[in-house]
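K.L.:
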Amino acid sequence: MAELTSLQNIGAEIEKKLRSIGICSAEDLLRTGSKEAFFRLKMRFPNVCLVHLYALQGAIDDMEYNRLPEEVKNELKQFSDSLK
93 MAELTSLQNI GAEIEKKLRS IGICSAEDLL RTGSKEAFFR LKMRFPNVCL
143 VHLYALQGAI DDMEYNRLPE EVKNELKQFS DSLK
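If you want it as structure tokens, here you go:
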């Protein structure tokens with residue numbers, strides 16, 4: 093199993109948070125998906141923000157989160173807004 097920090101956008105702090113919600117490897121994150129992982133993070137850490145969701149998606153797509161296509165960012169923002 094690959095370490096979470098082997099993925100783009102995943103540093104020590106977000107790795108620690110992901111582990112606390114049961115996502116302990118890169119494969120776990122890929123299987124869970126960015127939206128479900130973000131939802132779980134939001135329930136445990138209410139202060140996580142949209143950038144966390146972008147970072148998770150970027151990690152899954154193997155790209156820097158600020159390079160995500162606009163349509164993907166818009167879809168993720170709608171999802172994030174729906175949790176408020």
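Residue 93 is where the sequence shown starts when you use the working numbering, and the numbers rise one by one after that.
Note that beta-carbon positions come from the ideal geometry of N, C-alpha and C, so glycine has one too.
1) Hey, out of Pro138, Ser126 and Cys116, whose CA is closest to Leu168's CA?
2) So the alpha helix (DSSP H) Leu175 belongs to, where does it begin and stop?
3) Taking Cβ positions, are Leu133 and His144 nearer each other than 9 angstroms?
4) Go ahead and pull the three-state DSSP assignment for Asp120.
5) Does DSSP put Val140 in a helix, in a strand, or in coil?
P.N.:
If we stick to the structure as given:
1) Looking only at Pro138, Ser126 and Cys116, the smallest Cα-Cα distance to Leu168 is reached by Ser126.
2) Membership of Leu175 in any alpha helix (DSSP H) is not indicated, and neither H nor E is assigned to it by DSSP.
3) Contact check for Leu133 against His144 passes: the beta carbons are separated by less than 9 angstroms.
4) Asp120 falls in the helix class under three-state DSSP.
5) It is coil, neither helix nor strand.
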